[in-house]
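> Here it is, the structure in full.
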Amino acid sequence: MTTETMFDAIRIAKEKLDSEIADGPLFPTVTPQEIRSYLCSHYDFSTPGNVNEIGADVERMMRSWHVQVTHPRYFGLFNPSVTLASVVADTLVAMHNPQLASWRTSPAANEIERHTLSWLAGKFGFADTAACFTTGGAEANLSAVAVALTKSFPRYGGKGLRSLHAAPTIYLSTEAHHSFNKIAHVTGLGRDAVRRVATDHDLKMDLADLARRVEEDRENGFAPFMVVGSAGTTVAGAIDPLQDLAQFCRSEGLWFHADAAWGGAAVLSPTLKAHLAGIELADSITCDAHKWFSVPVGAGMFFCRHPDAVREAFHADNSYMPHAHDAVADPYTTSIQWSRRFIGLKLFFSLAHEGEAGCVARIEHQTRMGCLLRASLKRSGWRIANSTPLPLVCFTRDGLDVGKFLAALQRAQIAWMSEVRLRDTPAIRACVTSFRTTEADIAWVVGEMNRIARTKDRYET
Ligand SMILES: Cc1ncc(COP(=O)(O)O)c(C=O)c1O
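Residues are numbered in my numbering as their position in the sequence shown, beginning at 1, plus a constant of 1260.
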């Protein structure tokens, strides 16, 4: 099959699926027991099955028993609708199954990833960086902590944390992603090493509190080594003061990591880019292609301006892997993974197919839909509870029971939104994660929410 015919076949299937999903339910109503007994009674693997029947059955399960995250009214947790080119790319990858651990095994794939990463690194203002694709933001953040520890504490790699004279501590705002708690656990830092710094009225990291915490920890014998600034927090889309954080870290000798897992894509947009000012000063950056670049999971990225520290953290001397090319480091020696999928093709293919302008148009369309949602809610008497230039709106209104209201939205299949707590107050969170969301979707959803909120007794049943 040529790529052209494959592209056409996938395009036709995807268009059909997209339109069926847009017209169908968003929420599943199923229990774990229902799925488990169905699987047990239909799949004991004792005899071979028919591929068409299995495919149809699996599709039916995914259509009925999933939240449809590519639905235009899924306003969710950064899971995007996906571009056609990225789906074709993932199919090609599965068919060829290249192994990217060593350069010599898959030179083309390695160079395609390198090319794509250095293009994006350039957009972040990162030159001559180490960069790799990861399974997602959590792995990229883990890479950042491992490399920062390696650079900050020369004994860490060989002798471990127990050899250090003081316990290392890491600083992030109360709004930063909770992957860092798990990372502190698995790296041996311990969860108590994570210092949650206060935020200001816009939920951005409070620099004065950061400075105070670092000073206090030093006085108490701890060893501060890293600050994480978020470029788009998970709950409210807040962007920490990256420039100030970079300056603070430089003057205090701390590693500055920018977690731009979702918000990093804004760097391509001429209208949003300025909000990320200071990211170019970071020591390392996390950015997920499987969020606002609209490619399928998993596709994270890790960028670091200290290639030596990256090599030091991930080197792996052995006799059994193919010998490295003289001029290129093998990915298994510069990243956490060993066997490595060709993750980067979906981003490469998507960018090559739609061009930078096409990608920017998608990002800016979603930003416009976010503005429209915010404005329509305000006009209808909802209170906006967050402040961000990114398309993420947190909102509430007096007397609203958020949990019950969201359950009513779900029962009526209106929209997927989530409940969050901002400064200990419950609110509804809606992020425009789909490039398929239209003005008509926003108008209809806000109209329906107004109707349900007015008839309080309906959503309280
Ligand atoms: C700011 C931020 N960082 C990191 C992550 C973790 O990314 P992933 O789910 O791709 O591992 C998320 C996930 O939503 C996030 O919002």
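Heads up, the beta-carbon is just placed ideally off N, CA and C, and yes, glycines get one too.
Can you list, in chain order, the residues of its chain whose CB lies under 8 angstroms from that of SER1279, leaving out five sequence neighbours each side?
Result list for SER1279: empty, nothing under 8 angstroms.
> Report, in whole angstroms, the separation of the C-beta atoms of ARG1565 and PHE1393, which I expect to be a contact under 8 angstroms.
That pair is no contact at about 18 angstroms.
> What would DSSP say about MET1465, mapped onto helix, strand or coil?
strand
> Between the alpha carbons of ILE1603 and GLU1371, how many angstroms are there, rounded?
12 angstroms
> Report yes if the C-beta distance between MET1561 and HIS1517 is below 8 angstroms; otherwise report no.
HIS1517 sits away from MET1561, with the two beta carbons spaced by 8 angstroms or more.
> So, for LEU1421: in the same chain, excluding its five sequence neighbours on each side, which residues have a beta-carbon less than 6 angstroms away from its beta-carbon?
GLY1448
> Using 8 angstroms for Cβ pairs, my map puts PRO1332 next to LYS1551. What's the rounded Cβ distance?
Contact between PRO1332 and LYS1551 is ruled out by a C-beta separation of about 17 angstroms, above the 8 angstroms threshold.
> Below 8 angstroms, how does it come out for the stretch 1532–1544 and the stretch 1312–1325: are there three or more Cβ pairs, yes or no?
no
> Have a look at GLU1313, ARG1320, GLN1328 and GLU1294 and flag the residue whose alpha-carbon is nearest the alpha-carbon of MET1677.
GLN1328
> With a cut-off of 8 angstroms, do at least 3 Cβ pairs link the stretch 1518–1537 to the stretch 1348–1363?
no
> Between which residues of its own chain and ILE1295 is the CB-CB distance below 7 angstroms, once the five residues before and five after are set aside?
TRP1325
> Pull up the distance between the alpha-carbon of GLY1382 and that of ALA1534, whole angstroms please.
15 angstroms
> If you run the structure through DSSP and keep just helix, strand and coil, what is LEU1666?
helix
> Is the stretch 1400–1412 in contact with the stretch 1502–1517, if contact means three or more CB pairs nearer than 8 angstroms?
Contact holds between the stretch 1400–1412 and the stretch 1502–1517, because three or more Cβ pairs, one in each stretch, are under 8 angstroms apart.
> Go ahead and pull the three-state DSSP assignment for LEU1607.
For LEU1607, the three-state secondary structure derived from DSSP is helix.
> Between ASP1658 and THR1697, what straight-line distance do the alpha-carbon atoms span, to the nearest angstrom?
For ASP1658 and THR1697, the distance between alpha carbons rounds to 28 angstroms.
> State the CB to CB distance for the pair VAL1488 and LEU1470, rounded to an integer number of angstroms; the pair is presumed to be in contact (CB under 8 angstroms).
11 angstroms between Cβ atoms; not a contact.
> In terms of residue numbering, what span does the beta strand (DSSP E) encompassing PRO1285 cover?
From DSSP, PRO1285 is part of no beta strand (DSSP E); its letter is neither H nor E.
> Mind listing, in chain order, the continuous beta strand (DSSP E) runs of no fewer than 3 residues lying wholly within the stretch 1535–1560?
1544–1548
> Count the other CB atoms, across all protein chains shown, that sit within 10 Å of the CB of MET1299; report buried if there are 16 or more and exposed otherwise.
A quick correction: the sequence has Leu, not Met, at residue 1299. Exposed, by the Cβ-count rule.
> Rounded to whole angstroms, what is the Cα-Cα separation between THR1656 and SER1366?
52 angstroms
> Quick one: is the Cβ of GLY1397 within less than 7 angstroms of any heavy atom of ligand 1?
yes
> Determine the contact status of ALA1390 and PRO1567, defining contact as a CB-CB distance below 8 angstroms.
yes
> Under DSSP, the beta strand (DSSP E) around GLY1489 begins and ends at which residues?
Run containing GLY1489: 1483–1490, per the beta strand (DSSP E) assignment.
> Below 8 angstroms on the Cβ atoms is my guess for LEU1666 versus ILE1688; work out the distance and round it to an integer in Å.
7 angstroms
> For GLY1641, count the other beta carbons within 10 Å of its own beta carbon; 16 or more makes it buried, fewer makes it exposed. Which is it?
Result: exposed.
> Shorter than 7 angstroms, the distance from the beta carbon of ASP1500 to the closest heavy atom of ligand 1, or not?
no
> For the beta strand (DSSP E) that contains VAL1454, what are its first and last residues?
1454–1457
> The beta strand (DSSP E) spanning HIS1517 covers which residue range?
1515–1519
> Taking 7 angstroms as the cut-off, is the C-beta of HIS1445 nearer than that to any heavy atom in ligand 1?
no
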